[in-house]
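Sequential numbering from 0 applies to the sequence shown in our numbering.
We put the CB at the ideal spot given by N, CA and C, even for glycine.
All values reported here derive from a predicted model rather than from experimental measurement.
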Amino acid sequence: MIIASEAARITENFYCLGPSPVPLFLLDGDTPVIFDAGIYLWGPEYLKSIRTFIGNRIPRYLFLTHMHFDHCGAAGYLKKMLPGLQIGASREGRDIIDKPSAVALITRLNAFGSNESRTFEQFTVDRILEDGERIHVSDRLSVQVIKTPGHTRDMLSYYIPELKILMPSESVGVPGIGDHIFSEFLVDYDVYIQSLQRLLHYDVDYLILSHGTYYTENDAREFIPRAIEQTAMFRDKIESLLALHGDDYDTIARIIKQEEYDVLDSAGKQPESAYMLNLNAKIKTIAKITKKKDPVGALRQTADARNDAL
Ligand SMILES: [Zn+2]
Numbered sequence: 000m001i002i003a004s005e006a007a008r009i010t011e012n013f014y015c016l017g018p019s020p021v022p023l024f025l026l027d028g029d030t031p032v033i034f035d036a037g038i039y040l041w042g043p044e045y046l047k048s049i050r051t052f053i054g055n056r057i058p059r060y061l062f063l064t065h066m067h068f069d070h071c072g073a074a075g076y077l078k079k080m081l082p083g084l085q086i087g088a089s090r091e092g093r094d095i096i097d098k099p100s101a102v103a104l105i106t107r108l109n110a111f112g113s114n115e116s117r118t119f120e121q122f123t124v125d126r127i128l129e130d131g132e133r134i135h136v137s138d139r140l141s142v143q144v145i146k147t148p149g150h151t152r153d154m155l156s157y158y159i160p161e162l163k164i165l166m167p168s169e170s171v172g173v174p175g176i177g178d179h180i181f182s183e184f185l186v187d188y189d190v191y192i193q194s195l196q197r198l199l200h201y202d203v204d205y206l207i208l209s210h211g212t213y214y215t216e217n218d219a220r221e222f223i224p225r226a227i228e229q230t231a232m233f234r235d236k237i238e239s240l241l242a243l244h245g246d247d248y249d250t251i252a253r254i255i256k257q258e259e260y261d262v263l264d265s266a267g268k269q270p271e272s273a274y275m276l277n278l279n280a281k282i283k284t285i286a287k288i289t290k291k292k293d294p295v296g297a298l299r300q301t302a303d304a305r306n307d308a309l
């Protein structure tokens with residue numbers, strides 16, 4: 000695992016624009032492309048890094064993976080500062096950012112307790128990116144769009160075949176301590192697994208994750224199989240806790256949090272409120288499929304497990 004903490008060249012034509020834990024990435028070519036837009040607060044930092052690598056040339060595109068506040072935060076700012084920059088996202092992403100309630104939430108989450116009057120600049124999506132589409136960047140560089148929902152419904156991953164760079168954002172989870180990978184199926188477990196399985200087929204030399212880390216060569220190739228394995232294990236864990244505690248999601252969340260969150264160093268870990276929000280979403284995602292598959296069995300299992308525990 001390599002930490003992408005500041006603006007640096009990763010490989011030919013491909014740069015990290017920093018800073019960690021929400022860096023952007025840049026692919027240079029005839030029509031340079033930026034990937035993701037981090038948080039609003041760091042807009043000027045990102046801009047400075049873009050100028051470091053491509054001078055006064057204006058990137059043609061900003062491709063967003065999904066409309067979470069820490070992935071699209073500076074999109075409006077960058078569009079304002081880089082005239083002509085076109086923002087690309089999925090159709091679902093476009094629909095989210097056109098909703099005033101989503102804009103209000105993203106604005107609030109980008110405030111970080113600051114007193115600034117402006118914490119987000121609204122933007123519109125200029126180009127809808129379709130699954131399988133390939134965008135020309137230069138004679139020997141292109142970007143392929145891969146639809147990978149499951150973490151969110153609007154999620155897109157990007158692949159640069161000529162450089163074997165895959166940018167799956169949180170479609171593959173987020174690395175924790177040691178070998179641990181946080182599974183990030185916020186909206187749909189089965190769809191999340193299907194997306195991981197799709198991503199398995201890409202030949203990768205660089206696996207670029209969203210929150211300041213990336214992997215190369217064998218580490219890059221081994222990550223997605225590990226993520227699939229750990230996602231299934233995490234599901235089993237939630238299922239056995241559901242069998243024991245039924246609808247008491249708070250207790251289940253507390254047990255999981257002790258094991259995977261409380262053990263982390265405070266430096267660099269996501270805020271507890273964000274972690275809990277996501278964890279609750281994952282527990283509910285699993286509860287939903289457990290009940291749907293076998294509603295009577297789920298009830299009986301809960302009763303049995305409770306009796307065993309008594
Ligand atoms: Zn996200």
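Indicate the three-state DSSP secondary structure (helix, strand or coil) for residue i in the structure shown.
i: A110; result: coil
i: Y191; result: helix
i: V262; result: coil
i: Y201; result: coil
i: V171; result: helix
i: R56; result: coil
i: A7; result: strand
i: L23; result: strand
i: G17; result: strand
i: I288; result: helix
i: I2; result: strand
i: L185; result: coil
i: R12; result: Rather than Arg, the amino acid found at residue 12 in this sequence is Asn. Note: N12 maps to coil in three-state DSSP.
i: P43; result: helix
i: R50; result: helix
i: K283; result: helix
Going by DSSP, what residues sit across from residue i in a beta bridge?
i: Y157; result: V144, M166
i: V32; result: L26, Y60
i: I180; result: P174
Can you tell which of the options has the C-alpha that lies nearest to the C-alpha of residue i?
i: R225; options: K236, D249, F181, H210; result: F181
i: I176; options: F119, Y260, V136; result: Y260
i: S137; options: I159, S239, S168, G75; result: I159
i: D27; options: P20, L162, R117; result: L162
i: D35; options: N12, F62, P20; result: F62
i: D153; options: H67, E183, T123, I1; result: H67
i: H70; options: L108, D97, F52, Q85; result: L108
i: Y205; options: N217, R197, Q196; result: N217
i: D386; options: I134, L40, K78; result: This structure cannot speak to residue 386, because the chain is shown only from 0 to 309.
i: F52; options: M232, I33, T230, S113; result: I33
i: P167; options: Y201, D178, T106, T230; result: Y201
i: P20; options: L140, G54, I207, I49; result: I207
Return the chain-ordered list of same chain residues with a C-beta closer than 7 Å to the C-beta of residue i, the five sequence neighbours on each side being excluded.
i: E5; result: G17, P18
i: R220; result: V203
i: C15; result: A3, A6, A7, I9, P22, F24
i: Y188; result: R234, T284, I285, I288
i: A252; result: M275, L278, N279, I282
i: L81; result: I57, P58
i: E313; result: Lying outside 0 to 309, the shown extent of the chain, residue 313 is not represented and no answer is given.
i: Y45; result: L16, L23, G37, A73, L77
i: I254; result: L240
Counting only the same chain and skipping the five closest in sequence on each side, list residues whose C-beta sits under 8 Å from that of residue i.
i: G83; result: I57, R59
i: I127; result: G87, A88, S89, R90, R93
i: E238; result: I285, T289
i: I95; result: M66, A101, D153
i: I1; result: T212, Y213, Y214, T215
What residues in its chain sit with their C-beta under 6 Å from that of residue i, if we drop five residues either side in the sequence?
i: Y76; result: G42, E120
i: L199; result: I223
i: Y39; result: G72, A73, N109, T118, F119
Mind checking whether the beta-carbon of residue i lies closer than 7 Å to any heavy atom of ligand 3?
i: H65; result: As for ligand 3, it is missing from this structure, which binds only ligand 1.
Restricting to runs no shorter than 4 residues, where is the alpha helix (DSSP H) found entirely within the stretch 205-260?
Scanning the stretch 205-260 for uninterrupted alpha helix (DSSP H) segments of 4 residues or longer gives 216-244, 248-259, listed from N- to C-terminal end.
Beta strand (DSSP E) runs contained entirely in the stretch 60-141, provided each spans 3 or more residues:
60-62, 85-88, 133-137
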